[in-house]
Amino acid sequence: GNSVTQMEGPVTLSEEAFLTINCTYTATGYPSLFWYVQYPGEGLQLLLKATKADDKGSNKGFEATYRKETTSFHLEKGSVQVSDSAVYFCALSLLTGGFKTIFGAGTRLFVKA
Amino acid sequence: EPEVTQTPSHQVTQMGQEVILRCVPISNHLYFYWYRQILGQKVEFLVSFYNNEISEKSEIFDDQFSVERPDGSNFTLKIRSTKLEDSAMYFCASSEEVASGNTIYFGEGSWLTVV
């Protein structure tokens, strides 16, 4: 079936540290891949996306590359800030008769000053 | 930037009561969705809706749930007889079209607590 697996949290980093959140997927067909972010008390916001193999999505210093050979879409940021503390969801979208987004379990990130 | 809006932001209801959650999708979008997130768990797909009918639904979306687009702007989720396990954040979403690479935009969620 179609699924997304991401690293368990929480991830705790000091400000300016390098961030990697791993994400791998299983899909029939050719999905689009997304990272969504959920700040405390808020809804889901699209962070970045990639629609085909080797595409790199980037936004607000975050980036992720669609790797078809390893079925991965790892999220990275070179220098995190306290304001990046949130839950990050990796997701894929597929046309499956209908169209839906399948989410990973989410990874909570805490950034300490 | 256009956004999906949802009301109420938080509702507390007694078990067995009916609840209606409301959503205003982005105005030029044609495809609408409901997702839910039980506290601390994964975001789960409930249903997708297009051209005034359900196009896909998950096993969670049983006979207790229904969706409707009563007018040109609102999209509602009704839970007929709420159960304790329906307590969750419910997200409405919309997309312009159904195509590879198309982005689904989410609202801020309606937090439902069933007591």
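So the sequence lines, in the order shown, correspond to chains A and B.
Reading the first sequence from the start, the letters are residues 7 to 119 in the numbering used here.
Reading the second sequence from the start, the letters are residues 65 to 179 in the numbering used here.
Cβ atoms here follow ideal geometry from the backbone N, Cα and C, with glycine treated the same way.
Model, not experiment: these values are computed from the prediction.
message: Within a Cβ cutoff of 7 Å, which residues of the same chain sit near L148/B, ignoring the five residues on either side of it in sequence?
response: For L148/B, where only same-chain residues beyond five positions count, the Cβ hits under 7 Å are M79 and V178.
field: For S89/A, the three-state DSSP class (helix, strand or coil)
entry: Here S89/A sits in helix by DSSP.
message: Could you check whether G171/B and T87/B sit closer than 8 Å to each other, using their CB atoms as the reference points?
response: Correcting the residue type first, residue 87/B is Cys in the shown sequence and not Thr. Their beta carbons are under 8 Å apart, which means C87/B touches G171/B by this criterion.
Helix, strand or coil at E149/B according to DSSP, with G and I counted as helix: In the three-state reduction of the DSSP assignment, E149/B falls in the helix class.
query: Does any residue of chain A bring its CB to less than 8 Å from the CB of F109/B?
result: So yes, F109/B belongs to the interface.
message: Against chain A, does I173/B count as a neighbour if the rule is that its beta carbon must be under 8 Å from one of theirs?
response: For the record, residue 173/B in the displayed sequence is Gly; it is not Ile. At least one C-beta of chain A is nearer than 8 Å to the C-beta of G173/B.
Any beta strand (DSSP E) of 3 or more consecutive residues that is wholly inside the region 87-119 of chain B: The beta strand (DSSP E) runs of length 3 or more contained entirely in the region 87-119 of chain B are, from start to end of the chain, 95-101 and 107-114.
query: Whose C-alpha, out of D150/B, V107/B and S130/B, is nearest the C-alpha of N116/B?
result: The shortest C-alpha separation from N116/B is found at S130/B.
task: Return no unless some Cβ of chain B is closer than 8 Å to the Cβ of F109/A.
output: True, the Cβ-Cβ gap to chain B drops below 8 Å.
message: Please determine whether the Cβ atom of L39/A lies at a distance below 7 Å from any heavy atom of the ligand SAM.
response: The ligand content of the structure shown is nil, which means the ligand SAM is not present either.
- request: Have a look at the DSSP bridge pairing and note the partners of K83/A.
  value: DSSP output for K83/A lists L25/A and F68/A as bridge partner(s).
task: Show which residues of chain B have a CB atom less than 7 Å away from the CB atom of F130/A.
output: For residue 130/A there is no data in the structure shown, the boundaries of chain A being 7 and 119.
message: For K121/B, which residues in the same chain have their Cβ closer than 6 Å to its Cβ, ignoring the five residues on either side in sequence?
response: Taken in chain order, the residues that qualify are V111.
- request: List the whole-angstrom C-beta distance separating R100/B from Y154/B, where the pair is believed to meet the contact cut-off of C-beta under 8 Å.
  value: R100/B to Y154/B, Cβ: 5 Å. Contact.
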